[in-house]
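So for the sequence shown, the numbering used here puts the first residue at -16; every next one is plus one. All remarks here apply to the structure that follows.
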Amino acid sequence: MSKTLSFAYESPQEVKVGDDETTFTLICKNEDRAVDLTGSQSIIAKIGNQSGYLRGQPINLDSPSDLHAGQISLTFEKSTLDNFPPGLYSLEIWVIDSNGTSIYPSDNPLSFTVTSNLESGSGTTITTIAFDDFVKAMNKAASTIAKGDPGEGLNIKGQVTSVSALPTTANEGNGYLVNEELYVYTSGAWKDCGTIQGPQGIQGKAGTGISSTTIQYQISNSATTAPTGTWSNDIVATTTANPYLWMKATLNYTDNTTKDFYLISQKGDKGDKGDTPDLSNYTTVTDLNNGLSTKVTDNKNGTIEVNGSSITPADDSKVLHSALTQLSSADMNTVATAGFYQLNSGTNGMPNADAWTIYQVIPLSSFNGVQLACETNKTVLGMRSWNYSNGARNFSNWIQFADDSKVLHLSTGDTASRPTGISTGYQYFDTSLNKPIWYTGKNWVDATGTTV
């Protein structure tokens, strides 16, 4: 793992002999990440120069609260600096914890400079000069000095995620942020100038949320001015006098304040008249009247007259009268003799019929006939026929009759004679209104849906 040691931004990098108040602020990192040193057992600054190792100085673990993670403060003891002659020195930080000893940096030690103070050497006599003569001499000397080039300032160019992502070369004074660290290019190398981070701001106030919403309605004659009457929790029908429906949405906030929002709607104009329907496939009123006006008259001579046509009823002596024959394990395809049968068990009966179904067999000739299936309440369930072909009796499929409760029954009469106890969808021709009407289960309506 790559461990680094550097000066924090604005930390001094040199100290004078005898100065025991100058403090170096150092940053220990591992893989470009600041190291948490709060759990260390001891931290020692190891100092040396070109001649080798000189001495070590313990560092107080109780660092000031304004230091960031990975930062430590090193203040030289007076006795240490008194023994160090001016010159260039090397520095390592040894961190001892429960896992062992970590030495920062992994590569070459960090350099710092010890400079001399005035007491480091003997002084000489300074020639006395009058102040005015000194000023003239300085002005004359300044006039001979050429103006220097402008100095290089700090120019932050951008931000990268790691030290390895910094440009290999840059202009003097160029800077990049690596996470929260500022690196400045100076003297041909990138220098870590420490963390760029301001103090923590004051905690903001708690946010305000919506606790509930209320929706209410009111009608008005204005589309621009909110009504001042009573609001209803239910939608209110508009009127000719008040054609606008106002909806008020009230937002109730957690700080006990409210805010109202309004939406306005209006009943639309009457639509265009619809197309005339094609009634060519429907029964006319005249045909309906004729179909429902059947008249039967007994002629008193053995015949009846139906709407002017004479009909002779069946000769009772020729009507089939037969007892019920019970069939067990029978095939209805073999039953062709006239009579009534109950199929307790067998095959080829009416689909979905039960053991109480009555079958009536009616031979029409020696070659063909029909079979009828009836319920015990005399309701006809269905029928099928047979004929002989190629010496064999061939049956058609059973034909199931419609459920009579679902068949349209037409009746006619005046308004006062409308039937009762009928099912939804019942059709009735009202002669008082001279038009067909239908029962909805609650009201009678005409073809336009209007209650009549």
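Cβ coordinates follow ideal geometry from the N, Cα and C atoms, glycine included.
Legend entry - Whether threonine 241 touches leucine 234 by CB criterion (8 Å): With respect to the 8 Å criterion, threonine 241 and leucine 234 are classified as neighbours on the basis of their beta carbons.
Inset, instruction - Spatial neighbours of aspartate 337 within its chain, please: CB distance less than 6 Å, with the 5 preceding and 5 following residues excluded, ordered by chain position. - result: Taken in chain order, the list of residues that qualify is empty.
Inset, instruction - Since I believe asparagine 426 is in contact with threonine 414 (beta carbons under 8 Å), could you give me their beta-carbon distance rounded to a whole number of angstroms? - result: Not confirmed; about 19 Å, so no contact.
Inset, instruction - State yes or no: is the C-beta of glutamine 325 within less than 8 Å of the C-beta of isoleucine 341? - result: Cβ distance < 8 Å, so glutamine 325 and isoleucine 341 count as in contact.
Inset, instruction - Answer yes if the segment 80 to 93 comes into contact with the segment 197 to 214, meaning at least three C-beta pairs across the two stretches below 8 Å, and no otherwise. - result: Too few Cβ pairs lie closer than 8 Å, so no.
Legend entry - Cut-off 8 Å between Cβ atoms - residues of its own chain near serine 312, not counting five sequence neighbours on either side: Excluding sequence neighbours, serine 312 sits near Ser328 and Gly329.
Inset, instruction - Verify the contact flag: tyrosine 409, CB atom, against every heavy atom of the ligand COA, threshold strictly below 7 Å. - result: Because no ligand of any kind appears in the structure shown, any question about the ligand COA cannot be addressed here.
Inset, instruction - May I ask you to verify whether the segment 89 to 101 touches the segment 62 to 71, counting CB pairs closer than 8 Å and requiring at least 3? - result: In this structure the segment 89 to 101 lies against the segment 62 to 71, because at least three pairs of beta carbons, one per stretch, are closer than 8 Å.
Inset, instruction - Using three-state DSSP, classify asparagine 204 as helix, strand or coil. - result: Taken through DSSP and simplified to helix, strand or coil, asparagine 204 comes out as coil.
Inset, instruction - Please classify methionine 333: does DSSP put it in a helix, a strand, or coil? - result: DSSP places methionine 333 in coil when its eight states are reduced to three.
Legend entry - asparagine 239, buried or exposed, once every other Cβ within 10 Å from all chains shown has been counted against 16: Exposed is the call here.
Inset, instruction - Report the option in Ser248, Ala319, Asp429 and Ser379 whose CA atom is closest to the CA atom of serine 348. - result: Serine 348 has its Cα closest to that of Ala319, out of Ser248, Ala319, Asp429 and Ser379.
Inset, instruction - Can you grab the Cα-Cα spacing for the pair threonine 58 / glycine 187, in whole Å? - result: When rounded, the distance between both Cα atoms is 38 Å.
Inset, instruction - Report back the beta-carbon spacing between leucine 20 and tyrosine 87 to the nearest angstrom; my notes put them in contact at under 8 Å. - result: Actually they are not in contact, since the Cβ atoms of leucine 20 and tyrosine 87 sit about 10 Å apart, beyond 8 Å.
Inset, instruction - Determine the direct distance from the alpha carbon of glycine 254 to that of serine 292, and round the result to whole angstroms. - result: Rounded to the nearest whole angstrom, the CA to CA distance from serine 292 to glycine 254 is 52 Å.
Inset, instruction - On a CA-only basis, which of Ala430, Ser406, Lys12 and Tyr411 is nearest threonine 398? Give me that one, please. - result: Measuring C-alpha to C-alpha distances from threonine 398 to each of Ala430, Ser406, Lys12 and Tyr411 identifies Tyr411 as the nearest.
Inset, instruction - Would you identify the three-state DSSP class for serine 400, choosing helix, strand or coil? - result: In the structure shown, serine 400 sits in a helix (DSSP, three-state: H, G or I).
Inset, instruction - State the DSSP-derived secondary structure class of valine 18, mapped to helix, strand or coil. - result: In the structure shown, valine 18 falls within a coil segment according to DSSP collapsed to helix, strand and coil.
Legend entry - With 16 other Cβ atoms within 10 Å as the buried cut-off, status of serine 437: Residue 437 cannot be examined here, being either before or after the span of the chain that is shown, -16 to 435.
Legend entry - Continuous beta strand (DSSP E) stretch holding alanine 437: start and end: Residue 437 is absent from the structure shown; the chain starts at -16 and stops at 435.
Inset, instruction - Could you give the DSSP three-state label for leucine 37: helix, strand or coil? - result: Under the three-state reduction of DSSP output, leucine 37 falls in the strand class.
Legend entry - Rounded straight-line distance, which links the Cα of serine 195 to that of threonine 213: Pairing threonine 213 with serine 195, the inter-Cα distance amounts to about 21 Å.
Inset, instruction - Can you grab the Cα-Cα spacing for the pair alanine 385 / aspartate 281, in whole Å? - result: Taking the straight line joining both Cα atoms gives about 32 Å.
Inset, instruction - Out of Lys174, Ile405 and Ser56, point me to the one whose CA is closest to alanine 153's CA. - result: Comparing Cα positions, the closest option is Lys174.
Legend entry - Cβ-based neighbour list, asparagine 377, same chain, cut-off 8 Å, excluding 5 preceding and 5 following: Answer for asparagine 377: Trp369, Asn370 and Tyr371, listed in chain order.
Legend entry - Chain-order list of residues whose beta-carbon lies under 6 Å from that of serine 85 (same chain, five-residue window excluded): When the five nearest sequence neighbours on each side are left out, the beta carbons in the same chain lying within less than 6 Å of the beta carbon of serine 85 are those of Val78, in order along the chain.
Inset, instruction - Would you mind stating whether leucine 364 and methionine 315 have Cβ atoms separated by less than 8 Å? - result: Not in contact: leucine 364 and methionine 315 (Cβ atoms no closer than 8 Å).
Inset, instruction - Please name the residue or residues paired with asparagine 138 in a DSSP beta bridge. - result: Residue pairing from DSSP places asparagine 138 in a beta bridge opposite Asn157.
Legend entry - Beta-carbon gap between threonine 53 and cysteine 11 smaller than 8 Å: Checking the sequence shown, residue 53 turns out to be glycine, not threonine. Contact: yes.
Inset, instruction - Round the Cβ separation of alanine 17 and histidine 51 to the nearest angstrom and send it over; I've been treating them as touching at under 8 Å. - result: 7 Å between Cβ atoms; contact.
Inset, instruction - Please classify glutamate 14: is it buried, with 16 or more other beta-carbons within 10 angstroms of its beta-carbon, or exposed? - result: Glutamate 14 should be labelled exposed.
Inset, instruction - For the beta strand (DSSP E) containing methionine 315, list its first residue and its last residue. - result: DSSP places methionine 315 in no beta strand (DSSP E); its state is neither H nor E.
Legend entry - Host beta strand (DSSP E) of glycine 31 (start-end): In the DSSP annotation of this structure, the continuous segment of the beta strand (DSSP E) that includes glycine 31 starts and ends at 25 to 32.
Inset, instruction - Would you list the residues sitting across from aspartate 243 in a DSSP beta bridge? - result: Looking at the DSSP assignment, aspartate 243 forms a beta bridge with Thr233.
Inset, instruction - Please report the Cβ distance between valine 167 and leucine 137, rounded to the nearest whole angstrom; I am assuming they are in contact, meaning their Cβ atoms lie under 8 Å. - result: Distance from valine 167 to leucine 137 at the Cβ level is roughly 7 Å; contact confirmed, criterion being Cβ atoms closer than 8 Å.
Legend entry - In DSSP terms, what glutamate 288 is bridged to: Glutamate 288 pairs with Thr280 and Ser293.
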